[in-house]
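Structure, as structure tokens:
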Amino acid sequence: MNDRLLIFIGPPGSGKGTQSKLLCKNKEMLSISTGDILRKEVTDETNIGKRVSSKMKNGQLVSDDLINELFYKHFELEYKKNKYGIIADGYPRTLNQAKYLDSLSKDFGIDIRVCVFLCKEEVLVKRLQLRKRQDDEIAIIIKRLKDYYNFIAPVIKYYGNKINEVDVNDDPENIYNRIISFLN
52 MNDRLLIFIG
62 PPGSGKGTQS
72 KLLCKNKEML
82 SISTGDILRK
92 EVTDETNIGK
102 RVSSKMKNGQ
112 LVSDDLINEL
122 FYKHFELEYK
132 KNKYGIIADG
142 YPRTLNQAKY
152 LDSLSKDFGI
162 DIRVCVFLCK
172 EEVLVKRLQL
182 RKRQDDEIAI
192 IIKRLKDYYN
202 FIAPVIKYYG
212 NKINEVDVND
222 DPENIYNRII
232 SFLN
């Protein structure tokens, strides 16, 4: 299974991070979350963090080039340690990122599988408000959801038959079991 890349695509608050953590814990998979990477860069006040801080506070997407570069850097490190597969949490978000990731997977000889998390908007908003991150204010939440739906449609179309839709309006354990059944 170490030649598998599992992509989690879903709106903010859909549980990508939660499911990623469960798979890492129970299935010894490794996870790369571009959101976590960016938040760490901002917290650590790195040059990258300083460049992306205002974009993140305003709910804007960071450039494809920078996201691809950060993903590759972490992917290369994780791939060497990987035993059971890698999870891409929240990446790709744009068609250009998807094409880049496809090229990367071919270079490494990795099979891509995609889980698209489907969730009602009111559930997402409620989850995001409970999370209390800096970028989880209601105006930013609405902008991030709108941007997600605008950018993700071409990505979903691009992946076509590699996609498995997962209803995530449920509790984390039931969602986890659905994902496991997709992987098996």
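Terminal number for the sequence shown in our numbering: 235, no gaps in between.
For every residue, glycine included, the Cβ atom is placed at its ideal position computed from N, Cα and C.
Just so you know, these numbers come straight off a predicted model, no measurement behind them.
According to the neighbour-count rule (16 or more other Cβ atoms, all chains shown, within 10 Å of its Cβ), is residue i buried or exposed?
i	result
D140	buried
K67	buried
G211	exposed
G160	exposed
K149	What sits at residue 149 in the sequence shown is Ala, not Lys. A149 is buried by the Cβ-count criterion.
N225	exposed
M52	Residue placement at M52 is flagged as unreliable, the pLDDT there being 44, under the threshold of 50; the coordinate-derived value follows with that caveat. By the 10 Å Cβ count, M52 comes out exposed.
DSSP on residue i, reduced to helix/strand/coil?
i	result
G220	Inspection of the sequence shows that residue 220 is occupied by Asn rather than by Gly. Reduced to three states, the DSSP call for N220 is coil.
L169	strand
L46	For residue 46 there is no data in the structure shown, the boundaries of the chain being 52 and 235.
N109	coil
N133	coil
N212	helix
D116	helix
T145	coil
E92	helix
E188	coil
P205	helix
T69	helix
G98	Note that residue 98 corresponds to Asn in the displayed sequence, not to Gly. Three-state result, N98: helix.
DSSP beta-bridge partners for residue i?
i	result
L57	I138, R164
If distances are taken between C-alpha atoms only, which option among the options comes closest to residue i?
i	options	result
R144	F59, K72, E188, T97	F59
L175	Y135, K197, I88, I163	K197
D162	I214, E224, P223	I214
Y123	D158, A190, Y209, S71	D158
C75	D95, K101, E129, D218	E129
Q70	N201, F168, E120	F168
G110	I203, I189, E216, V206	I189
I193	K72, K132, E216, E173	E173
Y22	L121, K132, Y135	The requested residue 22 is not part of the displayed model; the chain covers only 52 to 235.
Since residue i contacts residue j with CB under 8 Å, what's their CB separation in whole angstroms?
i	j	result
G64	R178	4 Å
C166	F233	7 Å
S154	L56	With a Cβ gap of about 12 Å, S154 and L56 do not count as contacting.
M80	V93	Not a contact, Cβ separation roughly 26 Å.
I137	I88	Not confirmed; about 14 Å, so no contact.
Y142	T97	No, Y142 and T97 are not in contact; Cβ-Cβ is about 19 Å, not under 8 Å.
L146	V217	Actually they do not touch by this definition, with Cβ atoms about 21 Å apart.
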